[in-house]
Amino acid sequence: YDRQMNVYKYLPDLASGNVGIGTKSPTSALQVNGTVAATVFSGSGASLTNIPSGALPTNNRVGSIGYVFDGAGSVLSTGRLAYYTVPFACTTSAWNITVDTGTATVDLWKVTTGTAIPTVANTIPGSAMPAISSGTAIHSTTLTSWITTVNANDIFGFYLNAVASAKGYPIL
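Take 6 as the starting number for the sequence shown in the numbering used here and just add one per residue.
Here you go:
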């Protein structure tokens, strides 16, 4: 039993209700004998098998995890601290600092959910803390010695380690 659909043949198996494209006896709800091209596959993906490495995009999100310290026009003080719970798993790939004026160094701390609040013992960058010493903005992808893996619900601590006349900035 043949039908035409958008000029291409499809063959329904009336006994099973299965549909085949390029096959007369499909053994699943939809069986394609050939390459399937689509801009989007929707569904759980639980049954996608034998997919070559790199053939499907991974769930890569690009975004920022950050905190804005705002001195409301006044110079920020060393020792200011803020916490943030990261809602998704990710990898740290860069950092950014923007200041109105001045210099600043930030230490980043991280712990997994269910543990204590992060402290200096939980430093991410080690001795390679993000810092700005001139200008108003800096960006770096150099993460030597950093712990870059972030799990969903990890807690970040943003600690102003050193400040000289800086008036506010976001980080990471």
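C-beta: ideal position from N, C-alpha, C; glycine also.
Taking the alpha carbon of G131 as the reference point, which residue from W151, T124, S145, H144 has its own alpha carbon closest?
Checked all of W151, T124, S145, H144; the closest Cα to G131 is W151.
State the DSSP-derived secondary structure class of A42, mapped to helix, strand or coil.
Of the three classes helix, strand and coil, the one that applies to A42 here is coil, per DSSP.
Considering only residues of the same chain and omitting the five flanking positions on each side of I70, which have a CB-CB separation below 7 Å?
Close CB contacts of I70 within its chain, under the 7 Å cut and outside five residues either way in sequence, are with Y89, V91, F161, L177 (chain order).
Would you list, in sequence order, the uninterrupted beta strand (DSSP E) runs of no fewer than 3 residues that lie entirely inside the segment 68 to 155?
Listed in chain order, the beta strand (DSSP E) runs fully inside the segment 68 to 155 are 86 to 90, 100 to 103, 108 to 116, 142 to 145, counting runs of at least 3 residues.
Drop a sphere of 10 angstroms on the beta-carbon of G78, count the other beta-carbons inside from all chains shown, and report buried for 16 or more, exposed for fewer.
Burial call: exposed.
Can you tell me whether S21 is helix, strand or coil according to DSSP?
When secondary structure is reduced to three states using DSSP, S21 falls in the coil class, being assigned neither helix nor strand.
Whose C-alpha, out of T106, A169, V104, I129, is nearest the C-alpha of V116?
Minimum Cα distance to V116 is reached at I129.
Can you give me the start and stop residues for the beta strand (DSSP E) that A34 sits inside?
It is not in any beta strand (DSSP E) - A34 carries neither H nor E in the DSSP assignment.
Would G22 and N38 be called neighbours here (beta carbons separated by less than 9 Å)?
No, the Cβ-Cβ distance between G22 and N38 is not below 9 Å.
I70 at chain C interface by Cβ criterion, 9 Å
The structure shown contains no chain C, having only a single protein chain.
Are D75 and T118 close, meaning C-beta to C-beta below 9 Å?
Not in contact: D75 and T118 (Cβ atoms no closer than 9 Å).
Just the Cα atoms here: how many angstroms apart are T106 and A169?
Here the alpha carbons of A169 and T106 stand approximately 9 Å from one another.
Tell me the residue span of the beta strand (DSSP E) that contains G162.
It spans 160 to 169 - the beta strand (DSSP E) in which G162 sits, taken as one unbroken run.
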